[in-house]
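Undergrad: One structure coming up, written as structure tokens, with questions to follow.
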Amino acid sequence: MKHFTILMIAVLFIGTSFAQLTKNVGNTAGVLSSVKSKSLAATNNSKTVVATLSYDGINDNSIGTGTAATFGVFALHPSTVMTPLVGNFLTEVQFYISGVSNVSTAEIQLYNDTTTAVYTQVVTGLVEGWNNVILTTSYAITADDLYVGYELVTIGGYPAGTDAGPRETNGYGDIMNFGSWSSLLDLTGGSVDANWNIKAIISDAAMTCFPPSAIVYTNTTFNSTDIAWTSSASAWNLKVSSTVIDPATGTGDIYDGAATTASYSLTGLTELTEYYVYIQTDCGSSTVSTWTSSSFTTSKDCSAPITAPWTDDMTSGIGCWQLYDVDGDGFDWAFTEVVTGNPSLNSFSYDNPSATALNPDNWVISNKIDISSLTTPYLSWNAKSFDANYAAEQYSVYISTTGNTPSDFTTAEFNETLVDDSDVYRNISLASYSGDIWIAFRHHDTYDMFGLGIDNVSVSNTTSLKNINKVAKLSIYPNPANELVTIANAENQKIIILDITGKVVYTIEEATKLQEINTSNFAAGTYIVRVNASVTKFNIAR
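See the structure below:
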């Protein structure tokens, strides 16, 4: 639909029209996660990696249709490459996924030709980025051609990772099965010249001891977490470190030892710290698996209230803000840099990766704030819509004296719908409050726009020179007007005039004390004047 620059190409196979194949060249709605997980390729005691077959370079982009689709991507390794490897085994396939939430199912597929798969394996625990999948049955190498890849069933987005190109000279690195077999270069009319991020790991022995998978973290706090993993074994080696280590030779400074159940609880951790977890299956008889690696980050210690005056410029991340996805669509407030170099708290009404219009009801709520030392307390913040063409993001600000869940907030202290992509300053008085308060920003009643950013949240005694309350009482005359209208009490402020449909028809960046506007070209009708939070109307009569 909108909000991102994409290459749109209609794909046709044997008279059948398929969904558009699209290159994802930018995702401003990135999602934060405190957990990262992947498999770590490392040799075990029973096999040795003899070759890694691939044509790709570093991940550069990703490909998809932007809609629901089923397609396979492959790298072809010809018989001339495979013949010298006969007697060895394909034990692992690695591939890159971007936008894992858009993938319904993924399946490893191997072909000797383009008719019937010689091996398939459903992928579980798919993660963002590189996925290292150990084959449950190692594939014995033959002298035939070998197509190595995976098939995706998607709900949208652009999940299949590629390098920056150009593709392998013979066209072996960008093969696709999209109803029939072809190549990415051909399907895009020569517009996308790249190789799939796919690697085939060849070992001298079949895999018999399988590494753990699906590492998950629950009950993560500022000083603890519970780790669990999936494995059919009954013994494992576990290392937890505050720095990245090579688990084959390094020592975990947090924990280094054996585990006899597929879970472990960690305590005594440090807030806002990333920890690295390495788990290896011990199959007995001196046989161990490769290591699986993962990491998690502890939260901030929010047990003590904030003492005002206080400012959060969002450069330290989410911190003690609590996030609530009340509408339950899986899209929440997130800490991202939509504007480069200027991080903020952001909520979106449109998701680029899945090309999905959203109708958010997202709350972000502060930690407890003690304002008892302030004599004239004010709350101030900056707000911004991220797309001038889709700017009508509505949000409200609430204050609670009872708690930090949405049900603790009843009446909005402030509400507005943004009209353009200006970075606007807002503030409200907190004079009616004392003691402890919580602040909530709610993004709501907005559909199919783009995104809202909140930044520079401050609770203090002072107000800014930009105080919007200075323009709380606009004066417009004559009303109705004909050729000329004067707007008073908007000095040094931005004036936006909209017609009755909401279209911006006139803008002044910095008004004079008595700002005159030539309305001779305005059609007769009603117009809306917005100066920060102040809104009023005037009419043009002909």
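So the number in our numbering is just where the residue sits in the sequence shown, counting from 1, plus 629.
Just so it is clear, CB atoms sit at the ideal spot from N, CA and C, and this is done for glycine as well.
What residues match up with residue 1081 in a beta bridge as DSSP calls it?
TA: In DSSP, residue 1081 forms a bridge with 976, 1014.
Undergrad: To the nearest angstrom, report how far apart residue 909 and residue 826 are at their CA atoms.
TA: Each residue's alpha carbon lies about 26 angstroms from the other.
Undergrad: Give me the Cα-Cα distance between residue 1185 and residue 943, rounded to the nearest whole angstrom.
TA: Lying outside 630 to 1171, the shown extent of the chain, residue 1185 is not represented and no answer is given.
Undergrad: What are the boundary residues of the beta strand (DSSP E) that residue 855 is part of?
TA: From DSSP, the beta strand (DSSP E) with residue 855 extends over 854-859.
Undergrad: List in chain order: all unbroken beta strand (DSSP E) runs of 3+ residues lying wholly within the stretch 684-733.
TA: Runs found: 690-693, 698-706, 718-726.
Undergrad: Between the stretch 852-870 and the stretch 792-808, do three or more beta carbon pairs fall short of 8 angstroms?
TA: The stretch 852-870 is not in contact with the stretch 792-808.
Undergrad: Between the stretch 1037-1047 and the stretch 1102-1121, do three or more beta carbon pairs fall short of 8 angstroms?
TA: At 8 angstroms Cβ cutoff, the stretches do not touch.
Undergrad: For the alpha helix (DSSP H) that residue 816 lies in, which residues bound it at each end?
TA: Run containing residue 816: 813-816, per the alpha helix (DSSP H) assignment.
Undergrad: Smallest Cα separation from residue 749: which of 760, 757, 735, 759?
TA: Among 760, 757, 735, 759, the Cα nearest to that of residue 749 is on 735.
Undergrad: According to DSSP, is residue 676 part of a helix, a strand, or is it coil?
TA: DSSP places residue 676 in coil when its eight states are reduced to three.
Undergrad: Spell out a yes or no on whether the stretch 714-727 and the stretch 811-830 are touching, meaning 3 or more CB-CB pairs, one atom from each, closer than 8 angstroms.
TA: Short answer: they touch.
Undergrad: Can you tell which of 905, 1073, 1056, 1154 has its C-alpha closest to the C-alpha of residue 957?
TA: For residue 957, the nearest C-alpha among the options comes from 1073.
Undergrad: Rounding to the nearest angstrom, what Cα-Cα distance links residue 1033 and residue 951 in this structure?
TA: So the two alpha carbons sit approximately 8 angstroms from each other.
Undergrad: In terms of alpha-carbon separation, which member of 884, 873, 854 lies closest to residue 866?
TA: Considering only alpha carbons, the answer is 884.
Undergrad: Among 961, 918, 1004, which residue has its Cα nearest to the Cα of residue 1064?
TA: That would be 1004, whose Cα lies nearest to the Cα of residue 1064.
Undergrad: According to the neighbour-count rule (16 or more other Cβ atoms, all chains shown, within 10 Å of its Cβ), is residue 1171 buried or exposed?
TA: Residue 1171 is exposed by the Cβ-count criterion.
Undergrad: I'd like to know whether the C-beta atoms of residue 1143 and residue 1117 end up nearer to each other than 7 angstroms.
TA: Their beta carbons are under 7 angstroms apart, which means residue 1143 touches residue 1117 by this criterion.
Undergrad: Just to confirm the assignment, what range does the beta strand (DSSP E) spanning residue 1047 have?
TA: Element bounds for residue 1047: n/a, residue is neither H nor E.
Undergrad: Quick one: complete beta strand (DSSP E) runs, 3+ long, within the stretch 742-813?
TA: Segments of the beta strand (DSSP E) lying fully in the stretch 742-813: 746-751, 758-769, 775-783, 789-791, 804-806, 810-812.
Undergrad: Do residue 1066 and residue 1126 count as a contact pair if the criterion is CB distance below 7 angstroms?
TA: Result no, Cβ atoms of residue 1126 and residue 1066 do not sit closer than 7 angstroms.
Undergrad: Under three-state DSSP, which class holds residue 1019?
TA: It is helical.
Undergrad: Three or more beta-carbon pairs under 8 angstroms between the stretch 1007-1022 and the stretch 1045-1053, yes or no?
TA: Contact between the stretch 1007-1022 and the stretch 1045-1053 is present, because at least three Cβ pairs lie under 8 angstroms.
Undergrad: Give the secondary structure of residue 1036 by DSSP, where H, G and I count as helix, E and B as strand, and everything else as coil.
TA: Helix, per DSSP.
Undergrad: Which residues does DSSP pair with residue 1145 in a beta bridge?
TA: According to DSSP, which records beta bridges pairwise, residue 1145 is partnered with 1115.
Undergrad: From residue 774 to residue 716, what does the alpha carbon distance come to, in whole angstroms?
TA: Looking at the two C-alpha atoms, the distance is approximately 15 angstroms.
Undergrad: May I have the straight-line CA-CA distance separating residue 733 from residue 840, to the nearest angstrom?
TA: Roughly 24 angstroms separates the two Cα atoms.
Undergrad: How is residue 873 classed by DSSP in three states: helix, strand or coil?
TA: Coil.
Undergrad: Which residues in the same chain as residue 1135 place their Cβ atom closer than 7 angstroms to its Cβ, once the five residues preceding and following it in sequence are excluded?
TA: Excluding residues within five positions, the ones whose Cβ falls inside 7 angstroms are 1126, 1146.
Undergrad: Report buried or exposed for residue 894, applying the criterion of at least 16 other Cβ atoms within 10 angstroms of its Cβ.
TA: Flag for residue 894 reads exposed.
Undergrad: Between residue 1155 and the rest of its own chain, which residues show a CB-CB distance below 7 angstroms, the 5 nearest in sequence each way excluded?
TA: So the list reads 1129, 1166, 1168, once near-sequence residues are dropped.
Undergrad: Quick one: what's got a C-beta closer than 7 angstroms to residue 796's C-beta in the same chain, skipping five residues either side?
TA: The residues are 802, 803, 814, 822, 823, 824.
Undergrad: On a CA-only basis, which of 685, 695, 741 is nearest residue 711? Give me that one, please.
TA: Checking every option, the nearest Cα to that of residue 711 belongs to 741.
Undergrad: Where do the N-terminal and C-terminal ends of the beta strand (DSSP E) with residue 832 fall, by residue?
TA: Its beta strand (DSSP E) spans residues 827-832.
Undergrad: Quick one: does residue 1030 have its CB under 7 angstroms from some CB of chain B?
TA: Protein chains in the displayed structure number just one, and chain B is not present.
Undergrad: Along the beta strand (DSSP E) that carries residue 845, what are the first and last residues, could you check?
TA: Taken as a continuous stretch (DSSP letters only), the beta strand (DSSP E) holding residue 845 covers 842-847.
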